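Top to bottom, those sequences are chains C and R.
Residue numbering for the first sequence is 1 to 395, as defined by the UniProt record's numbering.
Residue numbering for the second sequence is 1 to 395, as defined by the UniProt record's numbering.
For each residue, glycine too, the CB sits at the ideal point set by N, CA and C.
Here the structure is a predicted model, which means the values were calculated and not measured.
Number of protein chains: 2
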Amino acid sequence: MTNPRLKLGVAGLGRGFMLLLPTLASHPGISLVAAADPRSEARQQFREDFDASTYAEVADLCADPEVEVVYIATPHQFHRKHVELAAAHGKHALVEKPMALSLEDCQAMINAMRRANRWLIVGHSHSFDAPYLKAREMIDSQAFGKVRMISAFNYTDFLYRPRRPEELDTMQGGGVVFSQAAHQVDIVRLLGGDSVKSVRAVTGSWDPARPTEGAYSALLTFNNDVFANITYSGFAHFDSDELCGWSGELGQPRDPDQYGFARAKLAEVDSPEQEADLKNARTYGSGFFLSNSRPQDSTHNHFGFVLVSCDNADIRPMPQGVQVYAHTRRYLEPLPPPVIPRREVLDELIGAIRNNQQPIHTGEWGMATMEVCLAILESAQNGHEIKLSHQAIMP
Amino acid sequence: MTNPRLKLGVAGLGRGFMLLLPTLASHPGISLVAAADPRSEARQQFREDFDASTYAEVADLCADPEVEVVYIATPHQFHRKHVELAAAHGKHALVEKPMALSLEDCQAMINAMRRANRWLIVGHSHSFDAPYLKAREMIDSQAFGKVRMISAFNYTDFLYRPRRPEELDTMQGGGVVFSQAAHQVDIVRLLGGDSVKSVRAVTGSWDPARPTEGAYSALLTFNNDVFANITYSGFAHFDSDELCGWSGELGQPRDPDQYGFARAKLAEVDSPEQEADLKNARTYGSGFFLSNSRPQDSTHNHFGFVLVSCDNADIRPMPQGVQVYAHTRRYLEPLPPPVIPRREVLDELIGAIRNNQQPIHTGEWGMATMEVCLAILESAQNGHEIKLSHQAIMP
Numbered sequence: 001m002t003n004p005r006l007k008l009g010v011a012g013l014g015r016g017f018m019l020l021l022p023t024l025a026s027h028p029g030i031s032l033v034a035a036a037d038p039r040s041e042a043r044q045q046f047r048e049d050f051d052a053s054t055y056a057e058v059a060d061l062c063a064d065p066e067v068e069v070v071y072i073a074t075p076h077q078f079h080r081k082h083v084e085l086a087a088a089h090g091k092h093a094l095v096e097k098p099m100a101l102s103l104e105d106c107q108a109m110i111n112a113m114r115r116a117n118r119w120l121i122v123g124h125s126h127s128f129d130a131p132y133l134k135a136r137e138m139i140d141s142q143a144f145g146k147v148r149m150i151s152a153f154n155y156t157d158f159l160y161r162p163r164r165p166e167e168l169d170t171m172q173g174g175g176v177v178f179s180q181a182a183h184q185v186d187i188v189r190l191l192g193g194d195s196v197k198s199v200r201a202v203t204g205s206w207d208p209a210r211p212t213e214g215a216y217s218a219l220l221t222f223n224n225d226v227f228a229n230i231t232y233s234g235f236a237h238f239d240s241d242e243l244c245g246w247s248g249e250l251g252q253p254r255d256p257d258q259y260g261f262a263r264a265k266l267a268e269v270d271s272p273e274q275e276a277d278l279k280n281a282r283t284y285g286s287g288f289f290l291s292n293s294r295p296q297d298s299t300h301n302h303f304g305f306v307l308v309s310c311d312n313a314d315i316r317p318m319p320q321g322v323q324v325y326a327h328t329r330r331y332l333e334p335l336p337p338p339v340i341p342r343r344e345v346l347d348e349l350i351g352a353i354r355n356n357q358q359p360i361h362t363g364e365w366g367m368a369t370m371e372v373c374l375a376i377l378e379s380a381q382n383g384h385e386i387k388l389s390h391q392a393i394m395p
Numbered sequence: 001m002t003n004p005r006l007k008l009g010v011a012g013l014g015r016g017f018m019l020l021l022p023t024l025a026s027h028p029g030i031s032l033v034a035a036a037d038p039r040s041e042a043r044q045q046f047r048e049d050f051d052a053s054t055y056a057e058v059a060d061l062c063a064d065p066e067v068e069v070v071y072i073a074t075p076h077q078f079h080r081k082h083v084e085l086a087a088a089h090g091k092h093a094l095v096e097k098p099m100a101l102s103l104e105d106c107q108a109m110i111n112a113m114r115r116a117n118r119w120l121i122v123g124h125s126h127s128f129d130a131p132y133l134k135a136r137e138m139i140d141s142q143a144f145g146k147v148r149m150i151s152a153f154n155y156t157d158f159l160y161r162p163r164r165p166e167e168l169d170t171m172q173g174g175g176v177v178f179s180q181a182a183h184q185v186d187i188v189r190l191l192g193g194d195s196v197k198s199v200r201a202v203t204g205s206w207d208p209a210r211p212t213e214g215a216y217s218a219l220l221t222f223n224n225d226v227f228a229n230i231t232y233s234g235f236a237h238f239d240s241d242e243l244c245g246w247s248g249e250l251g252q253p254r255d256p257d258q259y260g261f262a263r264a265k266l267a268e269v270d271s272p273e274q275e276a277d278l279k280n281a282r283t284y285g286s287g288f289f290l291s292n293s294r295p296q297d298s299t300h301n302h303f304g305f306v307l308v309s310c311d312n313a314d315i316r317p318m319p320q321g322v323q324v325y326a327h328t329r330r331y332l333e334p335l336p337p338p339v340i341p342r343r344e345v346l347d348e349l350i351g352a353i354r355n356n357q358q359p360i361h362t363g364e365w366g367m368a369t370m371e372v373c374l375a376i377l378e379s380a381q382n383g384h385e386i387k388l389s390h391q392a393i394m395p
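If you want it as structure tokens, here you go:
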């Protein structure tokens with residue numbers, strides 16, 4: 001007996017959707033039945049690709065009786081409103097990270113879905129990537145003793161990829177803390193295995209032309225005495241994919257000789273409008289559609305260098321599996337290559353809705369990650385250590 | 001006109017001396033004229049190797065009129081007393097890191113040498129390594145803009161190498177904060193280019209059989225807004241030499257297939273006494289002497305992964321030179337291979353004494369590094385951020 005496919009409606013046909021499109025389109029447990037987007041060309045493309053209903057308004061999508069779960073991939077600042085709409089219509093929700101821009105909004109989203117008695121899953125984030133989930137499973141096996149310390153760093157040219165103005169404005173959810181720390185914090189929380197106790201962080205806003213946080217370094221302590229340092233630079237010239245076998249964040253092969261591409265491309269741009277055009281040149285319905293969305297993934301997604309120091313081994317999630325450095329030998333615990341990239345997020349969603357399996361990435365989980373991200377900003381601003389109080393632990 | 005060789009007396013023929021012996025013996029500006037050590041076999045070896053005076057007591061070495069500068073490589077807790085002895089006899093001093101175990105002792109050493117109007121140099125530490133000095137010089141050239149962030153991490157099996165009991169007792173200067181952070185802090189201070197403002201750190205004492213700090217992670221802020229994360233694990237299974245082209249800390253080629261050697265060797269040991277014997281099996285005068293002290297160095301010394309994020313490039317000191325990741329290209333700024341390993345420390349000493357060149361690694365410099373190390377211990381103990389107040393900046 002197989003479960004019926006989950007009927008999913010997409011709210012927002014932007015970049016989040018584009019990154020998940022290959023997954024959504026090929027996952028055997030999902031049917032794309034509807035979508036909402038203000039852009040008519042995106043709606044038209046969706047109808048052509050999926051023979052599905054489309055709406056200009058998210059409210060109408062949520063009201064569609066065909067839709068069981070709403071995938072909310074709208075701009076960050078609308079997440080709360082759209083989750084509340086989904087809840088009001090009795091729909092489950094999968095909401096992109098960052099979950100929201102304030103803890104108040106996160107709590108409201110959790111409350112709305114609780115009242116509606118529906119599931120709220122926050123993702124995709126890279127903590128869904130198979131190598132991190134596998135590392136967690138290996139840690140849980142007790143074979144390596146206690147987790148003690150985690151180092152995670154990621155060096156990218158994030159800030160020099162084409163951006164819309166709001167992506168460079170922290171108040172609107174721009175900058176790497178909302179966008180990138182959400183991944184890294186999710187990963188170290190997954191691997192740390194307990195609630196985060198405190199955060200001390202510094203952020204860097206080094207380029208007046210890109211006036212938002214482009215870098216940070218943070219020291220996290222956990223209630224189980226694990227500690228973690230997480231460092232990110234989106235201003236980087238060094239690329240930490242070099243330490244991941246030149247496999248990219250999306251699992252794609254990287255060409256180490258294609259150096260400085262993002263900055264070179266951006267240098268040709270004269271204005272914020274032109275930059276936004278560059279970003280929008282290849283959006284869904286305008287140069288990008290289902291049949292050219294196949295990723296060239298050959299390995300799993302990743303988020304830079306991550307090393308977990310345990311009593312009996314150091315564990316290093318890698319694009320091909322989990323590298324184990326144990327007392328007497330080192331070996332790769334291999335993972336089969338991904339057939340459907342990022343499928344883990346939909347597996348978790350389906351497991352919750354269809355089989356009532358407890359998901360990891362609940363609303364409470366997402367809120368705990370956002371509390372860490374907001375603490376990074378706050379600590380950087382006032383120079384203090386921040387104690388946390390909304391830390392769900394892994395179910 | 002060449003300067004006469006600096007007549008150097010060695011206080012302590014232990015491990016510090018062994019590591020510097022190839023340098024001392026081959027540097028054209030140095031004459032080894034005397035040594036002091038309580039072990040008669042070490043003294044005898046020194047007489048055979050150098051046809052020089054030897055003493056059982058450091059006081060007698062300091063009184064030797066032949067000696068111009070005393071190289072103090074005695075156990076940490078004697079550094080203050082021996083520097084004060086050197087000063088009392090009007091000798092310059094080169095003192096090994098850690099400079100001392102308290103700021104009070106550091107200040108007393110500085111005061112004693114000031115009163116004597118003699119030079120005090122603290123080293124060797126890895127911040128003398130040519131790649132870090134070269135990186136500093138490149139930063140000073142202004143070609144790369146401001147330094148913004150530094151990441152430094154080092155994963156070793158430090159804690160599982162044979163140790164004497166006091167090396168595993170923090171109160172006696174044991175553990176990786178005194179021994180290893182002294183290197184890493186020195187490096188990031190050199191590259192950060194200003195005084196350190198604050199330290200937040202966590203340490204790890206994970207193995208009851210080795211009851212001292214074996215790991216730490218710290219977040220440092222500088223008064224010029226640079227920030228640095230420094231992480232060390234001496235419990236490690238992963239070896240960060242993997243990221244340094246399998247070149248070891250001393251510049252020696254590492255065999256990546258010789259895995260888990262330290263732990264395997266230690267597992268054969270039954271008692272602390274046997275472990276101390278293992279450590280002492282190859283000391284100066286007992287299995288180790290001048291003619292077998294030649295290092296197999298092929299590259300420069302290093303202290304793990306270090307990356308300096310500047311406005312216009314990321315700079316990565318490497319065993320062969322300085323790897324530069326700039327806007328449009330990446331390249332290695334090569335360094336000639338070291339002919340005399342670690343010569344930089346003696347060059348700085350000679351430059352100060354013979355040519356009155358301002359050294360970097362003064363007593364004030366060493367005290368500032370010790371303040372950071374002590375702040376790492378204090379922050380880890382009480383969970384607070386520590387503000388610093390004894391931070392000399394680079395001359």
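Query	Result
Pop quiz: residue 403/R and G192/R are said to be a contact at Cβ under 8 Å. What is the actual Cβ separation, rounded to whole angstroms?	This structure cannot settle anything about residue 403/R, because the visible part of chain R is limited to 1 through 395.
If we require 4 or more residues per run, which alpha helix (DSSP H) segments fall completely within the stretch 289 to 361 of chain R?	343 to 355
For R136/R, list the residues DSSP reports as bridge partners.	In DSSP, R136/R forms no bridge with anything.
For chain R, check one thing: does any of its Cβ atoms lie closer than 9 Å to the Cβ of N301/C?	no
Cβ of S198/R less than 9 Å from any chain C Cβ?	yes
Looking at the C-beta of S179/R, does it have a partner C-beta in chain C at a distance below 9 Å?	no
What three-state label does DSSP hand K146/C in the structure shown?	coil
How far does the beta strand (DSSP E) with residue 396/C in it reach, from first residue to last?	With chain C represented from 1 up to 395, any question about residue 396/C goes unanswered, as that position is not in the structure.
Going along chain C in order, which residues have a C-beta closer than 7 Å to the C-beta of D311/R?	W206
Give the straight-line distance between the Cα atoms of E41/C and R47/C, rounded to the nearest whole angstrom.	10 Å
Taking the C-alpha atoms as reference points, what is the distance between R164/C and S125/C?	21 Å
Evaluate contact between the stretch 79 to 86 of chain R and the stretch 112 to 121 of chain R, counting only Cβ atoms and requiring at least three cross-stretch pairs below 8 Å.	yes
Contact criterion: CB-CB distance below 9 Å. Does R210/C meet it with respect to chain R?	no
Mind listing the chain C neighbours of S233/R? Cutoff is C-beta to C-beta under 7 Å, in chain order.	M149, S309
Examine chain C for any beta-carbon lying closer than 9 Å to the beta-carbon of S195/R, and answer yes or no.	no
Out of curiosity, what's the CA-to-CA distance linking D255/R and D241/R?	10 Å
Would H89/C pass as an interface residue toward chain R - the criterion being a Cβ-Cβ separation below 9 Å?	no
Could you work out which residues of chain C lie near L243/R, taking near to mean beta carbons separated by less than 8 Å?	L243
I need the straight-line Cα distance from Q252/R to L335/R, nearest angstrom please.	16 Å
Tell me the residue span of the beta strand (DSSP E) that contains L220/R.	215 to 222
Do you know how far the Cα of P341/R is from the Cα of L19/R?	10 Å
Measuring straight from C-alpha to C-alpha, what distance separates D314/R and F153/C?	14 Å
Mark I386/C as exposed unless 16 or more other C-beta atoms lie within 10 angstroms of its C-beta, in which case mark it buried.	buried
Would you grab the beta carbon distance between A108/R and H89/R for me? Rounded to a whole angstrom, and I think it's under 8 Å.	Contact doesn't hold; Cβ gap of about 16 Å is too wide.
According to the Cβ coordinates, are Q320/R and P337/R closer than 9 Å?	yes
What residues match up with H92/C in a beta bridge as DSSP calls it?	V69/C
Taking its Cβ as the centre, do 16 or more other Cβ atoms sit within 10 Å of Y71/R, making it buried, or is it exposed?	buried
Quick check on DSSP: helix, strand or coil for V176/C?	helix
Note down, in chain order, every chain C residue with its Cβ under 8 Å from the Cβ of H183/R.	Going along chain C, no residue has its Cβ under 8 Å from H183/R, so there is no contact; the nearest lies around 18 Å.
In chain C, which residues lie with their C-beta within 9 Å of the C-beta of L374/R?	Correct list: empty, because the minimum Cβ distance to chain C is about 18 Å.
For S217/C, return the contacting residues in chain R, with the cut-off set at a CB-CB distance below 7 Å.	M149, L219, F227, N229
Alpha carbon to alpha carbon, how far is G16/R from W206/C?	41 Å
Is the stretch 170 to 185 of chain R touching the stretch 256 to 270 of chain R, taking contact as three or more C-beta pairs under 8 Å?	no
Quick check on the burial criterion: 16 or more other C-beta atoms within 10 angstroms. Buried or exposed for Q381/C?	exposed
Which partner residues of G9/R appear in the DSSP bridge assignment?	A34/R, V70/R
Since R329/C meets chain R, which of its residues come closer than 8 Å, beta carbon to beta carbon?	Y259, G260
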